[in-house]
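Q: Here it is, the structure in full.
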Ligand SMILES: NC(=O)c1ccc[n+]([C@@H]2O[C@H](COP(=O)([O-])OP(=O)(O)OC[C@H]3O[C@@H](n4cnc5c(N)ncnc54)[C@H](O)[C@@H]3O)[C@@H](O)[C@H]2O)c1
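In this note's numbering, the protein residues as written are 580 to 884.
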């Protein structure tokens, strides 16, 4: 029988999560009260050659056919606003059976806060997809203190079945794993620009052509084993006191955002997003698929995830 998944919110993430499950042969219900978001999602599926017979679009979960009540999984991908997510999670519970797993694609809200007000908080699990969700293999999976291990394992199984690499965390922490590492790196990047060591483009070039290419194929711990842990300890001993430790976001970032420089979506960020750069970003997505295909065959594989 065809597996089903309902996705709530057809924005940047929901659209691509839907595309991932459709490509994996699932029947997908994609829900958004904004008809324009559904249209954009539908156009994307057509443009990328998806089998549209697998997709049902609706403004609300309760508008899907009654047998969708038994869908094994619903994933919410509505904006990162706790009050909105509370409303949406309550609506989901009212529309599905008690066996349905409800996953949140929150970037960093804690499940103990998200599940407040749910009838069955134990069935909420965080499934943190990365953008673009139909390309990046890993999904961080985090059960809250109330979630039985079997529910988390069942969600990981469904993700694995769809072709994703689920990485189940042992406990819930703000930012999970990847965002903590990404923000630690970006804090240092901003510090280096602010102190005049290098500009953004130079830092991009250094990271892309050194750490970046290595990390596409092996994780940081395996890489450190290759380098030698004694060397790492020696460097860490004198370097840690020099690294940025700011407890608030950098002023330069706040100023960009306050001035409407939001990155690609507003046409300006660290870079000017002209048509050449937009084309490069699209080509990059295709190249990323090839890098991922190589990474998937590089030893050791994802057995730890
Ligand atoms: N953008 C990213 O890179 C990224 C990465 C990982 C996780 N996330 C998380 O994923 C979630 C969604 O982010 P996004 O970037 O896709 O946001 P988005 O603003 O692009 O899309 C959200 C969509 O939700 C819809 N929506 C609003 N209220 C709704 C409701 N009641 N029912 C159904 N749909 C509703 C909106 O119309 C919109 O289309 C957030 O929690 C975000 O933190 C985002």
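Glycine included, each C-beta is placed from N, C-alpha and C at the ideal position.
1) At which residues does the beta strand (DSSP E) containing residue 641 begin and terminate?
2) If contacts are defined as beta-carbon pairs under 8 Å, then residue 596 and residue 656 qualify, I think. What distance do you get, rounded to the angstrom?
3) From residue 745 to residue 739, what distance separates their C-alpha atoms?
4) Looking at residue 741: is its Cβ nearer than 8 Å to the Cβ of residue 599?
5) For the stretch 763 to 815, list the alpha helix (DSSP H) runs that are entirely contained and at least 4 residues long, ordered along the chain.
6) Would the stretch 677 to 694 count as touching the stretch 643 to 652 if we require 3 or more Cβ pairs under 8 Å?
7) Quick one: measure Cβ to Cβ for residue 604 and residue 585, integer angstroms, because I've assumed they're closer than 8 Å.
8) Assuming residue 618 and residue 711 make a contact with CB atoms under 8 Å, what is their CB distance in whole Å?
9) If you compare alpha carbons, which of 687, 698, 851 and 602 is closest to residue 671?
10) Determine the DSSP secondary structure at residue 701, reduced to helix, strand or coil.
11) Measure the alpha-carbon distance for residue 805 versus residue 798 and round it to whole angstroms.
12) Compare the C-alpha of residue 774 against each of 628, 706, 829 and 837 and name the closest.
13) With respect to the alpha helix (DSSP H) encompassing residue 617, which residues constitute its N-terminal and C-terminal limits?
14) Helix, strand or coil for residue 593, going by three-state DSSP, please let me know.
15) Evaluate residue 749 with the Cβ neighbour count: other Cβ atoms within 10 Å of its Cβ, from every protein chain shown; 16 or more gives buried, anything less gives exposed.
16) Compute every distance between the C-beta of residue 742 and the non-hydrogen atoms of ligand 2, then say whether any falls below 7 Å.
17) Taking all protein chains shown into account, decide if residue 762 is buried (16 or more other Cβ within 10 angstroms of its Cβ) or exposed.
18) If you compare alpha carbons, which of 628, 630, 702 and 637 is closest to residue 589?
19) State the beta-bridge partners of residue 586 as determined by DSSP.
A: Walking through what the data contain:
1) On the chain shown, residue 641 is found 62 positions in, with the first residue counted as 1. It is not in any beta strand (DSSP E) - residue 641 carries neither H nor E in the DSSP assignment.
2) For the purposes of this step, residue 596 is taken as the residue at position 17 of the chain shown. For the purposes of this step, residue 656 is taken as the residue at position 77 of the chain shown. With 8 Å as the limit, residue 596 and residue 656 qualify as a contact, their Cβ atoms being about 6 Å apart.
3) Indexing the chain shown from 1 puts residue 745 at position 166. Indexing the chain shown from 1 puts residue 739 at position 160. If I take the Cα positions, the gap works out to 6 Å.
4) One-based indexing of the chain shown puts residue 741 at position 162. One-based indexing of the chain shown puts residue 599 at position 20. A contact, by the Cβ cut-off of 8 Å.
5) 779 to 786 and 799 to 806
6) yes
7) Taking the chain shown and counting its residues from 1, the one referred to as residue 604 is at position 25. Taking the chain shown and counting its residues from 1, the one referred to as residue 585 is at position 6. Their Cβ separation, rounded to whole angstroms, is 16 Å, which puts residue 604 and residue 585 out of contact at 8 Å.
8) In the chain shown, the residue the question calls residue 618 occupies position 39. In the chain shown, the residue the question calls residue 711 occupies position 132. Rounded, the Cβ-Cβ distance is 19 Å, inconsistent with contact.
9) Along the chain shown, one-based indexing puts residue 671 at 92. Minimum Cα distance to residue 671 is reached at 698.
10) To locate residue 701, count along the chain shown from 1; it is residue 122. Correct three-state label for residue 701: helix.
11) Residue 805 sits at position 226 when you count from the first residue of the chain shown. Residue 798 sits at position 219 when you count from the first residue of the chain shown. The alpha-carbon atoms of residue 805 and residue 798 are separated by roughly 11 Å.
12) Residue 774 sits at position 195 when you count from the first residue of the chain shown. Out of 628, 706, 829 and 837, 829 has the C-alpha closest to the C-alpha of residue 774.
13) Along the chain shown, read from residue 1 onward, the residue named residue 617 stands at position 38. Where residue 617 is concerned, the enclosing alpha helix (DSSP H) stretches over 614 to 626.
14) Stepping through the chain shown from its first residue, residue 593 is reached at position 14. DSSP places residue 593 in helix when its eight states are reduced to three.
15) The residue labelled residue 749 in the question sits at position 170 within the chain shown. Looking at its Cβ environment, which holds fewer than 16 other Cβ atoms inside 10 Å, residue 749 is exposed.
16) Questions concerning ligand 2 fall outside what the structure shown contains, since the ligands it does hold are ligand 1.
17) Taking the chain shown and counting its residues from 1, the one referred to as residue 762 is at position 183. So residue 762 ends up on the exposed side.
18) As a first step, residue 589 must be located in the chain shown, where it is residue number 10. If we check each option's Cα against that of residue 589, 637 comes out closest.
19) Mapped onto the chain shown, residue 586 falls at position 7. Per DSSP, 609 and 654.
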